[in-house]
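*Asks:* My structure is below; once you've seen it, I'll send some questions.
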Amino acid sequence: RLQERFETLFKKIKGQGKLTEENIKEALRDVRIALLEADVNYKVVKDFLEKVKEKAIGQGVLTSITPGQLFIKIVYDELTQLLGSSHSPLNLGGPPPHPIMLIGLQGSGKTTTAGKLALFLRKKGKRPLLISTDTRRPAAMEQLKKISSQIDVPFFSFEGQKDPLSICKDARQYAIKTYSDVLIFDTAGRLHIDEDLLEELVEQKKAISPCEVLLTVDGMTGQDALNIAKAFDEKIGVTGFILTKMDGDARGGAALSIKAVTGKPIKFIGTGEKLDCLEQFHPERIASRILG
Amino acid sequence: AALKGPLDENTLREIEEALILSDCGVETSTRLVEKLKEAWKKGHLKDPKDVKKVLREIIGEILKSVERPLRIDNYRPFTILTLGVNGVGKTTTVAKIGKALISDGKKVLFGACDTFRAAAIEQLSEWAERLGAEIVKHKEGSDPAAVAYDAIKAASARNVDVVILDTAGRLHTKSNLIEEMKKIKRVIARETGSGPHETLLILDATNGQNAIQQVKSFHEALTVSGLAITKLDGTAKGGFILPVSELFKIPIRYICVGEKLEDLLPFSAEEFSKALLE
Ligand SMILES: Nc1nc2c(ncn2[C@@H]2O[C@H](COP(=O)(O)OP(=O)(O)OP(=O)(O)O)[C@@H](O)[C@H]2O)c(=O)[nH]1
Ligand SMILES: Nc1nc2c(ncn2[C@@H]2O[C@H](COP(=O)(O)OP(=O)(O)OP(=O)(O)O)[C@@H](O)[C@H]2O)c(=O)[nH]1
Ligand SMILES: [Mg+2]
Ligand SMILES: [Mg+2]
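Shown next as structure tokens:
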């Protein structure tokens, strides 16, 4: 639809031969609105439009495409490039066992995604172990335990244990018993502004020394996505994102915000409640979804 | 009339930015800034400090019309059906509302109608146990409408004042899940004659513009009678309730500000508009 809008906007410059600051002004405004409606953060939109302006101005329009087509291509290509590579694999380098930590806001999909990752890795011939360190949420351990049995993956936790740190330390022993080579740690949801709980996560990370710290971000997240990603990355250190609940109709602008503010890659997309609903991140698909 | 005085284009742009950053959406933010301009031209803004105050009043006025608390009366058992997309805080909010009503002297019964998600029934059961409240539940995988039916039957038999039904998270785009909710509603209507007396849609303050689509789809399919906004203890402002209030006029019953049972507050237009511009 943006493309049709651009066709109309650029009809008048068809004869002019190239894109100028003046003739792309309105089109840039339309892109701005589209991105903001898609939940891309205000500041990220501002920077993005600057980049598009740089790329667009002075571009000669060939006779083979319309100026509208050229402009949308510039926007689409820039967005795709900023969203990152479609091939950011899990870092499972070095000798096993490889610990993975799942962190994120309350309800963002950590526990379910832990199960999805375990199934994904089991299908690839790995021997994952699912570990719950959520000592706070009612029936959190039960939830991951049930998920583990659904996908035939061993589960470890300590019902009644109040301290997530001791679960982290005991998990390694259990992993040896079960010959597990990937340890997937689920953590309790927390706010990115809760100093005590962020500190708890720092301690957990020290005890686990993970090769991946994955932040689950709800695909419906709005402007706040930038603050969330920035805070977790600065305080804990994030190695990648998993954008969840993308099977809805949210445009997913949060994807650009989190990538832009941290530079860290989006590694997977959650596309459903079932445990096989985990997909590789495709920047072109997310780009066209964001542009609407 | 020429714009003179403290309100300049820069200030207006900053205000628009703040509103957009609060998830009010581009359309609403632009329109609110236009209203400020009008107020300025009319001379209602003499002092730069007035800008925030006038904006708060404009926003407060929009929200005042949806500040209508939930009144538990007229029906027994008063049946509250909760719904919302995945992970917004339905189960926790069900427990919080239960606690508030119990503190109010009401006898509450929970219905564990999320028969789908792993350990959903256990999660609500634990809350019920902490509150000393009754709960009706079936096995995982059973029909949620059957649980609703049993909960209402049990409530009538045990002299319960309020039944609160927790349901599975569902994206508004999944037609089979919308149909499931319609069926639950039909069963409740048949069993109570007048229910559900409140169809409460729960929204997550960290969501962006998709919240508007959630309200639209759920309201069109199921007729929502109340809203609750969760996770306002984070940094997200939940500004989408401005366009939501203008478009759908659904009363906002509660806001939630944390994970504990006491983190439930009745919605206040004045408090919300103040917090929005902080
Ligand atoms: N539709 C859909 N639902 C999802 C997806 N990922 C997770 N969910 C659902 O989102 C809800 C929350 O998921 P959880 O895994 O419990 O989230 P969490 O981050 O562990 O929550 P806390 O531990 O309370 O912080 C559940 O209903 C999940 O089934 C997804 O990709 N799509
Ligand atoms: N910070 C904060 N967390 C909340 C609030 N309300 C709920 N939560 C947390 O959000 C997470 C999800 O809550 P649930 O009650 O399981 O959400 P739900 O909508 O029932 O999830 P599903 O049934 O899986 O769709 C839990 O970790 C809650 O403790 C709130 O107001 N503030
Ligand atoms: Mg969890
Ligand atoms: Mg629930």
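As given, the protein sequences belong to chains R and W, one line each in that order.
Sequential numbering from 1 applies to the first sequence in this note's numbering.
Sequential numbering from 1 applies to the second sequence in this note's numbering.
In this text, a Cβ means the ideal position worked out from N, Cα and C, and glycines have one as well.
Being a predicted model, the structure only gives us computed values, none of them experimental.
1) Ligand 2 heavy atoms versus the CB of residue 200 of chain W: any closer than 7 angstroms?
2) Nearest chain R C-beta to residue 263 of chain W closer than 8 angstroms, yes or no?
3) Quick one, which residues of the region 79-108 of chain W are near chain R if we go by CB-CB under 8 angstroms, in chain order?
4) Relative to the C-alpha of residue 67 of chain R, which candidate in R:262, R:5 and R:181 has its C-alpha closest?
5) Does any CB atom of chain R fall closer than 8 angstroms to the CB of residue 33 of chain W?
6) Output, in chain order, the set of chain W residues within a Cβ distance shorter than 7 angstroms of residue 139 of chain R.
7) For ligand 1, any of its heavy atoms closer than 7 angstroms to the Cβ of residue 217 of chain W?
8) Residues of chain W with CB closer than 9 angstroms to the CB of residue 193 of chain R, please, in chain order.
9) Please determine whether the Cβ atom of residue 276 of chain R lies at a distance below 7 angstroms from any heavy atom of ligand 4.
10) Identify each residue in the region 239-258 of chain R for which the Cβ-Cβ distance to at least one residue of chain W is less than 8 angstroms, and report them in chain order.
11) Any beta-carbon of chain R closer than 8 angstroms to the one on residue 141 of chain W?
12) Using 8 angstroms for Cβ pairs, my map puts residue 44 of chain R next to residue 256 of chain R. What's the rounded Cβ distance?
13) Listing by chain order, which chain W residues have their CB less than 8 angstroms from the CB of residue 146 of chain R?
14) Beta-carbon within less than 7 angstroms of residue 244 of chain W's beta-carbon, same chain only, minus the 5 sequence neighbours each way: which residues are those?
15) How many angstroms separate the CA atom of residue 29 of chain W from the CA atom of residue 190 of chain R?
16) Using a threshold of 7 angstroms, is the CB atom of residue 224 of chain R nearer than that to any non-hydrogen atom of ligand 1?
17) Comparing the C-beta of residue 210 of chain W with each C-beta of chain R, is any distance below 8 angstroms?
18) Whose Cβ in chain W lies nearer than 7 angstroms to the Cβ of residue 108 of chain R?
19) Would you check if the region 48-63 of chain W and the region 128-147 of chain W touch, i.e. whether three or more CB-CB distances between them fall below 8 angstroms?
20) Could you check what DSSP says for residue 209 of chain W in three-state terms: helix, strand or coil?
21) With a threshold of 7 angstroms on Cβ separation, who are the neighbours of residue 1 of chain W within its own chain once the five nearest residues in sequence on each side are excluded?
22) Could you have a look at residue 280 of chain R and say whether DSSP puts it in helix, strand or coil?
23) Between which residues of its own chain and residue 224 of chain W is the CB-CB distance below 6 angstroms, once the five residues before and five after are set aside?
24) Could you check if residue 202 of chain R is buried or exposed, using at least 16 other CB atoms within 10 Å of its CB as the buried criterion?
*Replies:* For this structure:
1) The answer is no for residue 200 of chain W.
2) Under the 8 angstroms criterion on CB atoms, residue 263 of chain W is classed as non-interfacial with respect to chain R.
3) Residues passing the 8 angstroms Cβ filter: 85, 86, 87, 88 and 89.
4) Cα-wise, what sits closest to residue 67 of chain R is R:5.
5) No, its Cβ sits nowhere closer than 8 angstroms to a Cβ of chain R.
6) What residue 139 of chain R touches in chain W: 119, 122, 123 and 126.
7) Incorrect: residue 217 of chain W has no Cβ contact closer than 7 angstroms to ligand 1.
8) Simply 233, 234 and 235.
9) Proximity of the beta carbon of residue 276 of chain R to ligand 4 is not indicated: no heavy atom of the ligand is located closer than 7 angstroms.
10) Sequence-ordered contacts of the region 239-258 of chain R with chain W read 245, 247, 248, 249, 250, 251, 253 and 254 [C-beta pairs closer than 8 angstroms].
11) False, the Cβ-Cβ gap to chain R never drops below 8 angstroms.
12) Going by Cβ atoms, the distance from residue 44 of chain R to residue 256 of chain R rounds to 6 angstroms, so yes, they are a contact pair.
13) Result: 118 and 119.
14) Excluding residues within five positions, the ones whose Cβ falls inside 7 angstroms are 211, 212 and 215.
15) As the crow flies, the alpha-carbon of residue 29 of chain W is around 30 angstroms from that of residue 190 of chain R.
16) The answer is no for residue 224 of chain R.
17) At a cut-off of 8 angstroms, the C-beta of residue 210 of chain W has a neighbouring C-beta in chain R.
18) Against chain W, a Cβ distance below 7 angstroms from residue 108 of chain R picks out 87.
19) Per the Cβ contact rule, the region 128-147 of chain W is not in contact with the region 48-63 of chain W (fewer than 3 Cβ pairs under 8 angstroms).
20) It is coil, neither helix nor strand.
21) Bear in mind that a pLDDT of 39 at residue 1 of chain W, under 50, signals an unreliable position, so the number given afterwards is only what the model happens to contain. So the qualifying residues of the chain are 41.
22) It is a strand residue.
23) Non-local C-beta neighbours of residue 224 of chain W in its own chain, meaning closer than 6 angstroms and more than five positions away in sequence, comprise 199, 201, 218 and 250, ordered along the chain.
24) With fewer than 16 other Cβ atoms within 10 Å, it is exposed.
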